[in-house]
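Notes for the one structure printed next.
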Amino acid sequence: MYNYIKSIVLLLFVSITSCSDVIDVEVQEGQSRLVIQASLDWEKGTTGNEQIVKLSTSTEFFDTTSNTAVTGASVSVTNDVSGAEFIFIDQNNGEYTTSEFVPVLNESYTLTVIHNGETYSANETMMTVTEITDLYQGLEDGFDDEELELHVEFTDPEDEDNFYLFKFQKQGDLLPEFEVGDDEFVNGNELDWWYEIEEDEDTDKIEALAPGDVVTIEMYGISEAYYGYMDILIDQIGGVGIFSATPVAVKGNCINLTNPDNYAHGYFRLTEVNKTSYTFE
Numbered sequence: 001m002y003n004y005i006k007s008i009v010l011l012l013f014v015s016i017t018s019c020s021d022v023i024d025v026e027v028q029e030g031q032s033r034l035v036i037q038a039s040l041d042w043e044k045g046t047t048g049n050e051q052i053v054k055l056s057t058s059t060e061f062f063d064t065t066s067n068t069a070v071t072g073a074s075v076s077v078t079n080d081v082s083g084a085e086f087i088f089i090d091q092n093n094g095e096y097t098t099s100e101f102v103p104v105l106n107e108s109y110t111l112t113v114i115h116n117g118e119t120y121s122a123n124e125t126m127m128t129v130t131e132i133t134d135l136y137q138g139l140e141d142g143f144d145d146e147e148l149e150l151h152v153e154f155t156d157p158e159d160e161d162n163f164y165l166f167k168f169q170k171q172g173d174l175l176p177e178f179e180v181g182d183d184e185f186v187n188g189n190e191l192d193w194w195y196e197i198e199e200d201e202d203t204d205k206i207e208a209l210a211p212g213d214v215v216t217i218e219m220y221g222i223s224e225a226y227y228g229y230m231d232i233l234i235d236q237i238g239g240v241g242i243f244s245a246t247p248v249a250v251k252g253n254c255i256n257l258t259n260p261d262n263y264a265h266g267y268f269r270l271t272e273v274n275k276t277s278y279t280f281e
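Okay, here's the thing in structure tokens:
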């Protein structure tokens, strides 16, 4: 009986200690791809001539040490209507800049990137955005009627399909929040878009909006294709729990003309944008 009990204790000891073993999980390595960040945004009230295209390469998820900046590439944007070509100069840090870009609303542009002997191309139209007519705070329309929300009012243009991207960032927060919308059921109406931060009661790391907080607002007019692209990205970034979106590879509009299988990540967009801020009282 003593030997039996001793055997049981030994078995339990081995089982418990075995739980502390380090298990090395082999993570599947994905193909390194070119990442093209080509957001040519024309802020209302400016000339829009200064623009940046950023090039990098994708890395493994846990890689935080690699230098991913891509240098030595050829980057240009061409107005498909006028034929005007704008050359973006390599700054040797992954950024390619121009101070001569001429934005023309509702005209089509083509981005061309040549890297490692392969040519990438993307086409997009410079989209317009309506004016913001009012900013104010309230309590009634959010998910929590005791928390402050920010209201952005604007009038949607009549007789056309419009798509919007909103970027909100509270001063002091590391990352912004993005939201997309369209005018499918509200075409031509005055719209009230509200933004609220839901406080995380479990961790206390996310605090709701409060008097004194400053929030920057960026409102973009975007194409239907870019709306769909961002809608999927936002769902994947914000999805949590059993109802979250299933992660999928989201392809942008940058096509590899030389080797289609070696596609690039990222998107070429051209937008007009309102930029402003609001201080809560």
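Residue 156 in the UniProt record's numbering is what sits at position 156 of the sequence shown, and the numbering runs on without skipping anything.
Note that CB positions come from ideal geometry on N, CA and C, so glycine has one too.
Would you kindly work out how many angstroms separate the C-alpha atoms of residue i and residue j, rounded to a whole number?
i	j	result
D235	I222	18 Å
E179	A73	33 Å
L165	L270	12 Å
D213	T128	30 Å
N123	G45	25 Å
L191	E177	20 Å
I197	W42	28 Å
Q171	G117	43 Å
Q91	G252	24 Å
V27	I237	Any answer about V27 is weak, because its pLDDT of 46 lies below 50 and its placement is not dependable; what the coordinates show is given next. Each residue's Cα considered, the two are about 21 Å apart.
Y278	T258	47 Å
G83	D161	27 Å
V240	D231	Annotation note: pLDDT 45 at V240 (below 50); position unreliable, coordinate value reported separately. Straight-line Cα distance between these residues: approximately 15 Å.
A38	F268	5 Å
Classify residue i: buried if its beta carbon has 16 or more other beta carbons within 10 angstroms, exposed otherwise.
i	result
S56	buried
V186	exposed
L111	buried
I36	buried
P260	exposed
V113	buried
G94	buried
V152	buried
L40	buried
V102	exposed
Y120	buried
Tell me the DSSP secondary structure of residue i in three-state form.
i	result
Y220	strand
L165	strand
A38	strand
I23	Its pLDDT being 47, under 50, I23 is placed unreliably by the model, and the measurement read from it follows with that caveat. Three-state DSSP puts I23 in coil, outside helix and strand.
I237	helix
I255	strand
residue 287	Nothing about residue 287 can be reported from this structure: the residues present for the chain run from 1 to 281 only.
D231	helix
Y226	helix
residue 283	Residue 283 falls outside the range modelled here, since the chain spans only 1 to 281, and no answer is possible.
A122	strand
F185	coil
Nearest to residue i by alpha carbon, out of the options?
i	options	result
M126	T279, V273, F280	V273
E85	N49, E281, Q137	N49
Y229	G266, D261, I255	G266
E107	Q37, S58, D80	D80
W193	G138, N67, S58	G138
G218	A208, Y195, I232, N256	Residue identity differs from the one stated: residue 218 is Glu in this sequence, not Gly. The residue with the shortest Cα to Cα distance from E218 is Y195.
S76	V215, Y263, K54, D134	K54
Do the CB positions of residue i and residue j come within less than 8 Å of each other?
i	j	result
F88	T98	yes
P211	F168	no
E131	F154	yes
G188	E158	yes
T59	S32	yes
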